[in-house]
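Those protein sequences? They're chains A and W, same order as listed. Its first residue numbered 1, the first sequence is counted upward by one per residue in this note's numbering. Its first residue numbered 1, the second sequence is counted upward by one per residue in this note's numbering. Note that the Cβ used here is the ideal one computed from N, Cα and C, for glycine as well. Right, one structure below, let's go through it.
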Amino acid sequence: MPLVNGGKIVDDSFVKLAVDTPLPEGGDILVPAERFVGEADALLKRAGKVGVIWPNNRDIDELVPYLGKVAAVALVFPSFRDGRAYSQARLLRERYNYRGELRATGQVLRDQFVFMLRAGFDSFEVKKQADAEAFMQTAKRYSVFYQPTGDGRITALHRRMQLRHSEGVGT
Amino acid sequence: MYAYDEIDRTLVNERVSEFRDQVKRRLSGELTEDEFKMLRLQNGVYLQLHAYMFRVAIPYGTLASNQLRALAHVARKYDRGYGHFTTRQNIQFNWIKLSDLPDALADLAEVGIHAMQTSGNNMRNVTSDQWAGVAPGEIEDPRIWSELIRQHTTLHPEFSFLPRKFKIAITASDHDRAAIKVHDIGLRLIKNEKGETGFEVLVGGGLGRTPFIGKTIKHFVHGRDLLSYIEAILRVYNQYGRRDNIYKARIKILVHELGIEKFSREVEDEWQHIRNSSLQIDDEVIEDIRSRFIYPAYEKLPHMPDELRQAAADPDFEAWRKNSVAAHKNPGYSIVTISLKPIGAPPGDATAEQMDALADLADKYSFGEIRVGHEQNLALPHVAKRDLPALWKALDKLGLATPNVNLITDIIACPGLDYCSLANARSIPIAQELTRRFANHELANLIGRLHINISGCINACGHHHVGHIGILGVEKNGEEVYQITIGGRADEGAALGNLIGPGVKFDEVADVVEDIVEAYLALRERPEELFIDTVKRLGVEPFKERVYATR
Chain A
1 MPLVNGGKIV DDSFVKLAVD TPLPEGGDIL VPAERFVGEA DALLKRAGKV GVIWPNNRDI
61 DELVPYLGKV AAVALVFPSF RDGRAYSQAR LLRERYNYRG ELRATGQVLR DQFVFMLRAG
121 FDSFEVKKQA DAEAFMQTAK RYSVFYQPTG DGRITALHRR MQLRHSEGVG T
Chain W
1 MYAYDEIDRT LVNERVSEFR DQVKRRLSGE LTEDEFKMLR LQNGVYLQLH AYMFRVAIPY
61 GTLASNQLRA LAHVARKYDR GYGHFTTRQN IQFNWIKLSD LPDALADLAE VGIHAMQTSG
121 NNMRNVTSDQ WAGVAPGEIE DPRIWSELIR QHTTLHPEFS FLPRKFKIAI TASDHDRAAI
181 KVHDIGLRLI KNEKGETGFE VLVGGGLGRT PFIGKTIKHF VHGRDLLSYI EAILRVYNQY
241 GRRDNIYKAR IKILVHELGI EKFSREVEDE WQHIRNSSLQ IDDEVIEDIR SRFIYPAYEK
301 LPHMPDELRQ AAADPDFEAW RKNSVAAHKN PGYSIVTISL KPIGAPPGDA TAEQMDALAD
361 LADKYSFGEI RVGHEQNLAL PHVAKRDLPA LWKALDKLGL ATPNVNLITD IIACPGLDYC
421 SLANARSIPI AQELTRRFAN HELANLIGRL HINISGCINA CGHHHVGHIG ILGVEKNGEE
481 VYQITIGGRA DEGAALGNLI GPGVKFDEVA DVVEDIVEAY LALRERPEEL FIDTVKRLGV
541 EPFKERVYAT R
């Protein structure tokens, strides 16, 4: 499954650990939430980056104390129809100021890229190769956004205010 | 009318090109039907019994004449020459080809119409009072706020994959024509003691298989906090709404399971985090939206012009005027409701010719504006009283002057088994038969205000729970059976109807309704007592006795 990060297809440095896989010596690991919470101290002490895979039905508040220590948070779309992780992503970015890698995993398809970018995801485990290749093109599909989110894109309402003010200057 | 600017138009065009690409990928097999399904739904495209059905949004029920012409054009060019107005200020085309859809959307985009938010598990097309801006006594024009919500709900990045669909309705009049109490969020525009605009917010109303009347979650949310408060409700719902069972996924179930107190505490907590964010709306933003609503330049005209006095001699005109013409906030003008319920025809249908002709009449007599109401009728919102006789003649020629607005033949019905893949029973033929039974205008007038609502399945698109007489078609042992309720209403006194007894067969429905009406005529205290009030006074029993005594 191709990983898109920073708009490009890249190699995934993280290895996903199951609940009972023995802990590797080094290297970057993505750990399920349950195991992460249980073994956090040990996990964070070892060499290599640690990320956590956070299910969409687990309260994100529980993750907050660790946000300064993890290198990546992977949120889950069990189906593209299940949009809970959009709310989790926005909370992580906008309320808890999480600045590390925020990865979309699960059924990640081309037609959700724009929504995911707006919610704060910057990393995508894309289901289909063709979708991953079309990432940059798809991300530019829209130039108008009605809602303010943490991605900083200017909203239609604010653009209108700017237009009003700039028109006001000349007249 | 709200005039789209370059920003709105750009978004609509970007949406069309995205959908064109999605259809192309579906036709080439790159997208599976399962993947494509949600994408087409998010563009208003359903797969129905016979063909694709295309649902187009008419946000808060306001249409300009050129937009109505574009709908006529789509009906003519891509469909079978007619469209069907729904109970949620949308129009549906029932016979459209998938490969034509991107072109149809592109044609509509030219006049600022689209199909976003008409389907899928997202925030649906925001609806409002079809008399907004012209109703006497209205607190202020709710369309300004409707437009703000329209923009905010369109392609929302967080709330496009909710547990289930989500509907918002808004009213600013004492008499609720927008049925806000049966919406996921209902907004009643009010003023606080300082004269500032805000909203009573209701949540958790809805029909379907588990109907609920909405509950007040907050008595006053200031206008500047409207978007953050809605966002807080949606965020709680998105995270905690049930996703394990489609029939328990609407917010009404979450509100019911948590209880309104606990639910409102959750919302309040969330809201405190975001109310001072960039979601806060300052007055300038509201003014900017208001400035793009074009209001007619009304003339000072007489309340009782000669034209109207003369026409009063014609009983047919008078019957229509008394039935279909309502008071306007400006005394020289009227609001004219156009019945899309001619005797014997499917409720809510209009032909391309009728739509074109109506667009012309709107230009001539209503400042180019048309409204769409949830009762599946249209309205011309600014008709000078002196023009009423001429307008009536023109409407009559088009078959659009049936004087049955709010009467027993003004039936709300879903498409039912004739079109819909979810339906268990026919709706339209029941409606057609009922309009024939009560075709006599004298009789219908004698009965007075009486709303019949028909749904062809438990999903309740015909809003049968809130019909004065509600008819629900179900399937029992391979046969269509109809359950009849009475006493429902969708207005400010919203209530769910009560079942009168065992279901009846297709052929018996019209007879049963006749029995109910005869019982009412015999039981009412005086002619002014409406059916709904008699039911409230006496309960179901006397009606039940009458219907089942001989069956």
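{"Query": "Contacting residues, own chain, Cβ-Cβ under 6 Å from Gln22 of chain W (five flanking each side not counted)", "Result": "Leu39"}
{"Query": "Beta-carbon spacing of Asn121 of chain W, Lys165 of chain W below 8 Å", "Result": "yes"}
{"Query": "Partners in chain W for Leu17 of chain A, counting only beta-carbon separations shorter than 9 Å", "Result": "What Leu17 of chain A touches in chain W: nothing, since even the nearest Cβ is about 26 Å away."}
{"Query": "The stretch 411-423 of chain W touching the stretch 457-466 of chain W, judged by at least three CB pairs closer than 8 Å", "Result": "yes"}
{"Query": "Of the listed residues A:Arg81, A:Val19, A:Tyr142 and A:Arg84, nearest to Val52 of chain A (C-alpha basis)", "Result": "A:Val19"}
{"Query": "Exposed unless 16 or more other CB atoms sit within 10 angstroms - verdict on Asn94 of chain W", "Result": "buried"}
{"Query": "Residues, ordered as in the chain, of the stretch 289-314 of chain W that lie near chain A by beta-carbon distance below 7 Å", "Result": "none"}
{"Query": "DSSP-derived helix/strand/coil call for His219 of chain W", "Result": "strand"}
{"Query": "Beta-carbon proximity of Leu98 of chain W to Phe19 of chain W, cut-off 8 Å", "Result": "no"}
{"Query": "Which of helix, strand or coil DSSP assigns to Glu552 of chain W", "Result": "Here chain W covers residues 1 to 551 and nothing more, so residue 552 of chain W does not appear."}
{"Query": "CB contact check: Asp61 of chain A to chain W, cutoff 8 Å", "Result": "no"}
{"Query": "4 or more residues per run - each alpha helix (DSSP H) lying fully within the stretch 86-157 of chain A", "Result": "113-119, 129-133 and 135-139"}
{"Query": "Beta-carbon neighbours of Pro157 of chain W, restricted to chain A and to distances below 7 Å", "Result": "Tyr86, Phe115, Arg118, Ala119, Gln147 and Thr149"}
{"Query": "Length of the line joining the Cα atoms of Ala41 of chain A and Ile246 of chain W", "Result": "It should be noted that the sequence gives Asp, not Ala, for residue 41 of chain A. Each residue's alpha carbon lies about 41 Å from the other."}
{"Query": "Within-8 Å CB hit, Met38 of chain W to chain A", "Result": "yes"}
{"Query": "Min CB distance Ser119 of chain W to chain A below 8 Å", "Result": "no"}
{"Query": "Assigned secondary structure, Asp28 of chain A (DSSP; H/G/I helix, E/B strand, else coil)", "Result": "strand"}
{"Query": "Same chain only: Cβ atoms within 8 Å of Arg143 of chain W, ignoring 5 sequence neighbours per side", "Result": "Tyr2, Tyr60, Thr62, Ser128, Ala132, Gly133 and Phe293"}
{"Query": "Residue-chain proximity (Arg46 of chain A, chain W), Cβ-Cβ < 8 Å", "Result": "no"}
{"Query": "Between the CA atoms of Val111 of chain W and Thr534 of chain W - distance to the nearest angstrom", "Result": "47 Å"}
{"Query": "Proximity test, Cβ basis, 8 Å: His152 of chain W and chain A", "Result": "yes"}
{"Query": "Thr171 of chain A to His165 of chain A span [Cα, whole Å]", "Result": "Per-residue confidence for Thr171 of chain A stands at a pLDDT of 45, beneath the threshold of 50, marking its modelled position as unreliable; the derived number appears in the next sentence. Taking the straight line from one Cα to the other gives about 10 Å."}
{"Query": "Outcome for Ser143 of chain A when other beta-carbon atoms lying within 10 angstroms are tallied against a minimum of 16", "Result": "exposed"}
{"Query": "CB contact check: Glu284 of chain W to chain A, cutoff 8 Å", "Result": "yes"}
{"Query": "Spatial neighbours of Leu117 of chain A in its chain, beta-carbon cut-off 7 Å, leaving aside the 5 residues before and after", "Result": "Ala139 and Asp151"}
{"Query": "Euclidean distance between Cα positions of Val221 of chain W and Ala401 of chain W", "Result": "42 Å"}
{"Query": "Minimum Cβ-Cβ distance from Ile7 of chain W to chain A less than 8 Å", "Result": "yes"}
{"Query": "Check: Ile430 of chain W C-beta below 7 Å from any heavy atom of the ligand ADP", "Result": "As presented, the structure is devoid of all ligands, the ligand ADP included, so that no description of it is given."}
{"Query": "Within chain A, the residues that His273 of chain W reaches when beta carbons sit closer than 8 Å", "Result": "Arg95"}
{"Query": "Min CB distance Gly7 of chain A to chain W below 8 Å", "Result": "no"}
{"Query": "Proximity to Val466 of chain W [Cα-Cα], best of W:Ile486, W:Leu538 and W:Phe54", "Result": "W:Ile486"}
{"Query": "Met38 of chain W: first and last residue of the uninterrupted alpha helix (DSSP H) it sits in", "Result": "Glu33 to Leu41"}
{"Query": "Assumed close pair His156 of chain W, Gly348 of chain W - CB separation to whole angstroms, cut-off 8 Å", "Result": "Contact doesn't hold; Cβ gap of about 29 Å is too wide."}
{"Query": "8 Å Cβ cutoff, Pro22 of chain A in contact with chain W", "Result": "no"}
{"Query": "Close beta carbons around Val70 of chain A, own chain, < 7 Å, minus the five adjacent residues each side", "Result": "Val50, Gly51, Val52 and Gly100"}
{"Query": "Neighbourhood of Ile185 of chain W by C-beta, 6 Å cutoff - its chain only, sequence neighbours within 5 removed", "Result": "Ile168 and Val203"}
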